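**Q**
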């Protein structure tokens, strides 16, 4: 899963690494001997990300020619955030998740909102609380409303997970990024857990959307898988009806990423990313169409990945219909694979976190 067709990048011990099998190659040492670009002799991927697709392509070619010997075992590395997160945006792009959430949280509503099929809905999150896999998650405090409608304050009683895929921006822009330019700006993907306090979220949502119910923590996997490693996983995303506005029209490229959610080692669900209604290219185009720029290190997430079957739902809210949530001590792990060339499998690693009691 981590052979020459993959070669994901990560950071540990103040250096950058590329993974090969169960080991990792020190890229600072490789840069010192001239085997790779000197921008990989850094503590984060940001200088390399800013170099753009020609650098990414040439580096991938150079790495595939190296002998992967004398590797450091991955288990011996203390992984850190692979890149410095600039801005963080989270979307809401699974039609099945949108339908399910509406039915559970707003049973008397007509369903998904009228705008949902016309634009990829999103919100700006908190980049400073993005953490690397393995970081403990402290149960957050906030306000919620009791059954009688009276506001209460204290630790959340409904702590949830959301299985998502994050896209890592490399090349900045000075304005809108059209859908056709997606691959010129986005380097790769990570797995992402959008931890969610459902009771806090429900009370604060109107009228401006999520705030404290989401901003306390977002976990990402430590290895960034290049888009180039996912060529064999490209598929045609679901057809869109009604037709979208011109700036959102794209070639419908999606990715066949197969996620798995485990709690305390038990598999609960396997969400299918290929069913996502809005593509990553459309998301990037929409969040910049007003003239907003993107920066190196920007991270934007797909939103909860949910499929049409009961064993494909991407959060506990959907799985247990708002009746069961995370307890202190629970460990959550999201992992994923993708099809690779000639029947091989590309590993996307995992993102995990253990819930600690409120302080």
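In the numbering used here, the protein residues as written are 185 to 543.
Virtual Cβ for every residue (Gly too), placed ideally from N, Cα, C.
None of these values were measured; they are calculated from a predicted model.
1) Which residue comes first and which comes last in the alpha helix (DSSP H) that contains residue 339?
2) Between 464, 447, 470, which lies nearest to residue 514 when the distance is taken from Cα to Cα?
3) Residue 311 to residue 374, Cα distance in whole Å?
4) How many Å lie between residue 527 and residue 252 at the Cα?
5) Quick check on residue 242: buried or exposed, where buried means 16 or more other Cβ atoms within 10 Å of its Cβ?
6) Using DSSP bridges, identify the partner residues of residue 462.
7) Is the beta carbon of residue 397 less than 8 angstroms from the beta carbon of residue 384?
8) Kindly indicate the opening and closing residues of the beta strand (DSSP E) around residue 323.
9) Look at the alpha carbon of residue 395 and the alpha carbon of residue 468, and state the distance between them as a whole number of angstroms.
10) Who are the Cβ neighbours of residue 195 in its own chain at under 8 angstroms, not counting the five residues just before and after it?
11) Once the 5 residues before and after residue 543 are set aside, which same chain residues still bring their CB inside 8 angstroms of it?
12) Which partner residues of residue 372 appear in the DSSP bridge assignment?
13) Counting Cβ pairs closer than 8 angstroms, one from the region 481–499 and one from the region 526–540, do we hit at least three?
14) With C-beta atoms as the reference, is residue 453 less than 8 angstroms away from residue 503?
15) Among the residues of its own chain, which have a CB less than 7 angstroms from the CB of residue 465, if the five just before and after it don't count?
16) Give a yes or no on contact between the region 438–445 and the region 254–261, applying the rule of three or more CB pairs nearer than 8 angstroms.
**A** Answer, in terms of the structure:
1) Residue 339 -> not in any alpha helix (DSSP H); beta strand (DSSP E) instead, spanning 335–339.
2) 447
3) 15 angstroms
4) 23 angstroms
5) exposed
6) According to DSSP, which records beta bridges pairwise, residue 462 is partnered with nothing at all.
7) yes
8) No beta strand (DSSP E) holds residue 323; DSSP gives it neither H nor E.
9) 22 angstroms
10) 201, 227, 228, 229, 263, 264, 265, 266, 267, 406
11) 322
12) 352, 410
13) no
14) yes
15) 363, 366, 434, 437
16) no
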